[in-house]
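Working notes for the structure below.
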Amino acid sequence: GNSVTQMEGPVTLSEEAFLTINCTYTATGYPSLFWYVQYPGEGLQLLLKATKADDKGSNKGFEATYRKETTSFHLEKGSVQVSDSAVYFCALPNQAGTALIFGKGTTLSVSS
Amino acid sequence: DVKVTQSSRYLVKRTGEKVFLECVQDMDHENMFWYRQDPGLGLRLIYFSYDVKMKEKGDIPEGYSVSREKKERFSLILESASTNQTSMYLCASSQDRAPNTGELFFGEGSRLTVL
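Line by line, the protein sequences give chains A and B. Here our numbering is used: the first residue of the first sequence is 3, the next is one more, and so on. Here our numbering is used: the first residue of the second sequence is 42, the next is one more, and so on.
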């Protein structure tokens, strides 16, 4: 079935540093890919998505490109802020397309 | 503003107790989901429902049941709580029948401790 693997955390950065969080997937066909974010004490919320190969999703300065050649959907941001401190989850639909499968999450901590 | 509300943020229960976790959404969404979130394991799907009185098992349904009597409400039931069910429980909803392109909206979570 479909699965997703994302880099282990925690990731600790200084403000204005460049961020990359790696995500690779295994899937039948070319499903949509998602990044969700969970801020402290809150539920998850959609950060960005891409629905087909070579699509780039973007939001709040974050970007991720759907690359079918490398089966990857890495999350990037050019200059992180303290307010970006959160847990980030890569996700894709299960093989039946009935629910989302989430990666284990990567904790990002940004200090000023 | 869209909203998924989980009735209890924190619960402490004893082994063997019956536990109800309630979730209500105000977006008239068709689909509702229960996940549990554990450190190092991420989110794992327990049950989901795509219509009233319908339910489907997720990846880890053992020890849980669900109820969806009304479209807006999806309850997770632990018939006899055990310590390995200590976890954060997240409820979510989505409009699309298949969430391939739709967005999941999450509640803030219910942290359950079973002693």
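We put the beta carbon where it would ideally sit given N, CA and C, even for glycine. Note that the structure is predicted; figures quoted are calculated from it, not measured.
Query: Cutoff 8 Å: G99/B Cβ touching any chain A Cβ; Result: yes
Query: Where S121/B sits in the DSSP three-state scheme; Result: coil
Query: Residue of W75/B, L153/B, V155/B and S134/B minimising C-alpha distance to F146/B; Result: S134/B
Query: Partner residues on chain B for G105/A, Cβ-Cβ distance less than 8 Å; Result: G83
Query: First through last residue of the beta strand (DSSP E) which encompasses V65/B; Result: C64 to Q66
Query: Test item: CB-CB of L66/B and L131/B under 8 Å; Result: The question names Leu, but residue 66/B in the sequence shown is Gln. Contact: no.
Query: Closest residue to T46/B among S111/A, L46/A and L21/A (Cα-Cα distance); Result: L46/A
Query: Inter-residue Cα distance where the pair is T127/B and F91/A; Result: 21 Å
Query: L84/B vs F104/A beta-carbon contact at 8 Å; Result: yes
Query: Touch test, the stretch 78-90 of chain A against the stretch 110-128 of chain B, Cβ-Cβ under 8 Å, three pairs minimum; Result: no
Query: C-alpha gap between F75/A and E10/A, whole angstroms; Result: 15 Å
Query: Rounded straight-line distance, which links the Cα of T7/A to that of T28/A; Result: 9 Å
Query: Neighbourhood of S108/B by C-beta distance below 7 Å, restricted to the same chain and skipping five residues each side; Result: S116 and I118
Query: Other residues of its chain near L21/A: CB distance less than 6 Å, five sequence neighbours each side excluded; Result: K79 and V82
Query: Residue-level contact to chain B via CB, G45/A, 8 Å cutoff; Result: yes
Query: Pair within 8 Å by beta-carbon distance, E71/B and S48/B; Result: no
Query: Residue-level contact to chain B via CB, T100/A, 8 Å cutoff; Result: yes
Query: C-beta atoms of G43/A and A52/A nearer than 8 Å; Result: no
Query: Local Cβ density within 10 Å of V93/B, reported as buried at 16 or more and exposed below that; Result: exposed
Query: Reference S113/A; option with closest CA among N61/A, Y38/A, Y32/A and E17/A; Result: E17/A
Query: Beta-carbon neighbours of F91/A, restricted to chain B and to distances below 8 Å; Result: G83 and L84
Query: Proximal chain B residues relative to L48/A, where beta-carbon distance stays under 8 Å; Result: E144 and L145
Query: Which listed residue (T108/A, S34/A, C25/A and N24/A) has its alpha carbon closest to that of L102/A; Result: S34/A
Query: Where S74/A sits in the DSSP three-state scheme; Result: strand
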